[in-house]
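Numbering (the working numbering), first residue to last: 359 to 965. From the three backbone atoms N, C-alpha and C, an ideal C-beta is built for every residue, glycine too. Given the structure is predicted, the values throughout are model-derived calculations rather than measurements.
What follows is the structure in structure tokens.
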């Protein structure tokens, strides 16, 4: 959102999504692919069709060669993310893009650019309406690959990131994974893009390089010009264009303070998260790619609290083989041993599985055939994944299994029945697996919260998925701009449901984890401690700050605070009280808060 666009030199502020923490101050460098010309004409004759098909095939081949060259020259810190560019190479030959474009050229007699544009539009329409942030960010990979081919067809040069000769903040409408992989660390102070989300490849690569980054900054590339002075805050998502001298001075001090603070807490990141009165909380990492294990360990994560297994089911022409899944899961278990790895079974909608899966049309996919529902309707897919997970569990006996979107006991019985049948089959074939494999469920549906006492008798642990729990409980579509502002983790109803799950789990003698964006926000630490959660699972970069605050907290004080919070009537009351509590307990944390998010009273106190 653009807060102000003034033509008189007054600083302009653009708000985006902070995806890689840190402060960057410097000149803007606007990167613009420009609009690739899309010519339209009908082809006449078999020779013209063959020539146009050959032109398209050469454009794809050149894109493959370019991506291979980028992979071979990639920054050493990004070597573990080479799979991202591998995925782009796979997309180049995807049936819905490659085969469909050739079909349109030959059957509908359209030129290559227009045929490709038609193919891309079909793919984009297929996924654009989906609300899952992870999937939407993968759709941007398809767009990036398509643009690369279109540029080749039009004879345009690739993005000139390598030609940057000074230290700058790069500003773009969007950056593909290939663009981001070419960033020169010594010359890139920060990144600002209009597109993207927290799980986009640009965000992942920026975090891997430690570059402050803001994505989703609406209109940024249209109002920022090369040479403008920028300040970007990769935590709050704020971008200040042509700041005042006072602002520059303030943010230079903030930059130094943040760097020193992060260095200090990172040195202690491997210490246990133990409160001053000796209450222990496990702080774990959410990952979706094997390569993120390094970041999880470096940041002090004590285990993998959530491994999203969806990656191997997407962006491919055929269903994954059991052996492929097994090798991935086995390697993850070995890398993390003896620390635990919690593997969540497939948590996607049918419409997200790609061309190899015949999916039904659904008016509202978020409330349709997805996650455990999809697996129970397509049990061979489910069994394949369960066999791979069970086989991998024998390697180090450190794997836990997690079922998503369980709505009640009957659904859980069905999932457990399939699991037990797969176990029996492996036993008969004398294939080893961990007989003591622990089973948990995601608590993210209000009906599951209502029968938490019954579910607790059937599983070994609960994992609260706050993102979906908030969405389903408050009846809010997070990507609907008209109601997204109502998505609030501090809604009294949400906090009471979390407490109900924790209390019920503990009465049954099972541990309870919170995983989701809420878990990684340091300001929520007093509430989570007051709830006496057993563990928190978050993105790896959030681990050091959360652990630091836990180690400096007093459980007894947090219990009292939670009692006060649960008697409050609105999210705003809770937020103000929470900010005041954090200001008293961890005043240095407010150095990194966006002042606009604070109450007037707290702004004065912080100042």
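Contacts around residue i, its chain only, beta-carbon distance under 8 Å, and the 5 residues preceding and following it disregarded
i	result
residue 832	844, 845, 846, 849, 851 and 852
residue 891	639, 860, 870, 871 and 872
residue 693	648 and 651
residue 939	884 and 919
Short Cβ contact (9 Å threshold) for residue i with residue j
i	j	result
residue 371	residue 597	yes
residue 819	residue 862	no
residue 784	residue 801	no
residue 475	residue 508	yes
residue 677	residue 739	yes
residue 884	residue 916	yes
residue 573	residue 377	yes
residue 731	residue 759	no
residue 811	residue 757	no
residue 880	residue 854	no
residue 510	residue 416	yes
residue 914	residue 894	no
residue 500	residue 657	no
residue 897	residue 644	yes
residue 384	residue 607	no
residue 662	residue 697	yes
residue 646	residue 682	no
residue 565	residue 571	yes
residue 593	residue 380	yes
residue 866	residue 815	yes
residue 513	residue 477	no
Residue span of the alpha helix (DSSP H) that contains residue i, given as start and end
i	result
residue 614	603-625
residue 694	680-694
residue 785	767-786
residue 751	737-754
residue 889	883-889
residue 666	Here residue 666 belongs to no alpha helix (DSSP H); instead the beta strand (DSSP E) covers 662-666.
CA nearest to the CA of residue i, picked from the options
i	options	result
residue 805	793, 817, 789 and 767	767
residue 935	802, 621 and 882	882
residue 664	513, 691 and 931	691
residue 857	615, 880 and 824	824
residue 590	399, 382 and 563	382
residue 470	905, 555, 407 and 780	407
residue 911	458, 637, 748 and 736	637
residue 803	571, 830 and 561	830
residue 748	631, 623 and 788	788
residue 460	918, 503, 706 and 410	410
residue 923	613, 888, 412 and 384	888
residue 817	622, 512 and 769	769
residue 798	780, 786 and 764	764
residue 631	478, 942 and 909	909
residue 448	422, 864, 775 and 809	422
residue 555	524, 588 and 595	595
residue 502	463, 446 and 781	446
Cβ neighbours of residue i in the same chain (closer than 7 Å, five flanking residues each side left out)
i	result
residue 777	744
residue 584	386, 387 and 388
residue 602	369
residue 418	450, 456 and 507
residue 772	734
residue 628	658
residue 807	801, 855, 858 and 859
residue 671	678, 704, 706 and 711
Where the beta strand (DSSP E) containing residue i begins and where it ends
i	result
residue 653	Taken as a continuous stretch (DSSP letters only), residue 653 belongs to no beta strand (DSSP E), being part of the alpha helix (DSSP H) at 651-656.
residue 455	Unbroken run through residue 455: none, as it is neither H nor E.
residue 800	796-801
residue 572	571-573
residue 871	870-873
residue 821	819-823
residue 761	757-761
residue 867	No beta strand (DSSP E) holds residue 867; DSSP gives it neither H nor E.
residue 809	Element bounds for residue 809: n/a, residue is neither H nor E.
Close-in-space but distant-in-sequence residues of the same chain around residue i (CB under 6 Å, 5 per side omitted)
i	result
residue 680	742, 745 and 746
residue 311	Lying outside 359 to 965, the shown extent of the chain, residue 311 is not represented and no answer is given.
residue 655	none
residue 653	898
Contact test: residue i Cβ vs the ligand MG heavy atom, cutoff 8 Å
i	result
residue 577	The ligand MG is absent from the structure shown, which contains no ligands of any kind.
Query raised in the report: Which ranges would you report for the beta strand (DSSP E) in the stretch 892-955 if only whole runs of at least 3 residues count?
Result: 893-896
Report task. Quick one: which unbroken beta strand (DSSP E) runs of 3-plus residues sit fully inside the stretch 369-418? Chain order, please. Result -> 370-373, 375-378 and 381-389
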